[in-house]
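> So that we are looking at the same thing, I have put the structure below in structure tokens.
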Amino acid sequence: MTTVEGSVFPGVPADLVEVAERHGRIVAAGDNKAVLADFRPDRIAQLIASASLPPDLVKSELLDLRPDEGGLFAAHIRYTAADGSETVLRSRWIRLPEGWRVTQVRNLPATPPRMDSTGPAEDGNDTPHWEGLREGELRVPRCDDCANWIWPWRPICPRCHGFTVSWTAVEPTGTVFSWTRTWQPFAPEFSGHLPFVTVLAELPQAGGKRLLGVLLDADGVEPRIGEPVRAEFEAAPDGGWPVLRWRLSREA
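The opening position of the sequence shown corresponds to residue 1 in the UniProt record's numbering, with each subsequent residue numbered one higher.
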């Protein structure tokens, strides 16, 4: 058991406590060269873009440090900016031959990224889908003539070539058809939200059509193919269009 300044960190090597506290101090001091030296060498580019901190930091505080899965150790460090705002980062540490190194880092709480492209397409044809999300419904287009489900929206049914297509609300549940965990910041809005899991869910109540969505509470989770998920509709903080998120429906 290690005690530092009145804080107790059971099961944590004493040298890691010192390293984590020093890491917080050099981040707050803006010593980028020293910060990079704490990163795992083969993940420097990924780690640089996986967290976001405000400028003008004035101090840091190690809130928690504990053993984590896979032989890693998770440190929660709170950073305070000159304006008094606070940001918490969780870094995961691994012992390499050259010493302790950060192998993962992210902002807390974990917030799924929102794409800049969120909302109806330029032609507006999929607007009923987004309006449905705003009203708490999952709407999928369906042919009025042959009842064929159509996704994404098309002006003509690919089965019967009918031209009358309606947007129908369906139960917002599905099963995991495939999934991926994203570690790289492929777009600016991903910064501070890495890693995140994207699920392609199959909707049995909508002819097996498949919808993409970020998986909620997916930190360290390994989804299983065929596992049930349920959609949640996340409102936009600025009053814009909501987005669909998936959540695993595992029984306790």
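Just so it is clear, CB atoms sit at the ideal spot from N, CA and C, and this is done for glycine as well.
#1: So, is HIS161 buried or exposed, given that buried needs 16 or more other C-beta atoms within 10 angstroms?
#2: Which partner residues does LYS59 have in the DSSP bridge list?
#3: By the DSSP assignment, the alpha helix (DSSP H) with residue 323 in it spans what residues?
#4: Could you give the C-beta distance for VAL140 and VAL170, rounded to a whole number, given that I count them as a contact under 8 Å?
#5: If you reduce the DSSP assignment to three classes, tell me which class LEU200 lands in.
#6: Just to confirm the assignment, what range does the beta strand (DSSP E) spanning ASN107 have?
#7: DSSP on ARG66, reduced to helix/strand/coil?
#8: Tell me which same chain residues have a C-beta within less than 8 Å of the C-beta of GLU189, skipping the five on either side of it?
#9: Are the beta-carbon atoms of SER50 and ARG106 separated by less than 7 Å?
#10: Would you mind working out which of GLN46, ALA201, ARG181, ARG25 sits nearest GLY220, comparing C-alpha positions?
#11: Beta-carbon separation of GLU232 and ARG245 under 7 Å?
The relevant details are as follows:
#1: Taking the sequence shown and counting its residues from 1, one reaches residue 161 at position 161. Note on HIS161: under 16 other CB atoms within 10 angstroms of its CB, so exposed under the neighbour-count rule.
#2: In the sequence shown, counting from the first residue as 1, residue 59 sits at position 59. Within the DSSP bridge table, the entry for LYS59 names THR80 as partners.
#3: This structure gives no information on residue 323, because the portion of the chain shown stretches from 1 to 252.
#4: Within the sequence shown, the letter at position 140 stands for residue 140. Within the sequence shown, the letter at position 170 stands for residue 170. Indeed, because the Cβ distance is near 6 Å, the residues count as touching under 8 Å.
#5: Reading the sequence shown from its first residue, position 200 is the one you call residue 200. The answer is strand: DSSP assigns LEU200 an E or B state.
#6: Here residue 107 refers to the residue found at position 107 of the sequence shown. Note, ASN107: beta strand (DSSP E), 99-108.
#7: Reading the sequence shown from its first residue, position 66 is the one you call residue 66. Note: ARG66 maps to strand in three-state DSSP.
#8: The residue labelled residue 189 in the question sits at position 189 within the sequence shown. These residues qualify, in order along the chain: PRO113, ARG114, MET115, ASP116.
#9: Here the question's residue 50 lines up with position 50 in the sequence shown. Here the question's residue 106 lines up with position 106 in the sequence shown. Against a cut-off of 7 Å, the Cβ pair of ARG106 and SER50 comes out as a contact.
#10: Here the question's residue 220 lines up with position 220 in the sequence shown. For GLY220, the nearest C-alpha among the options comes from ARG181.
#11: Residue mapping note: residue 232 aligns to position 232 of the sequence shown, counting from 1. Residue mapping note: residue 245 aligns to position 245 of the sequence shown, counting from 1. Less than 7 Å separates the beta-carbon of GLU232 from that of ARG245.
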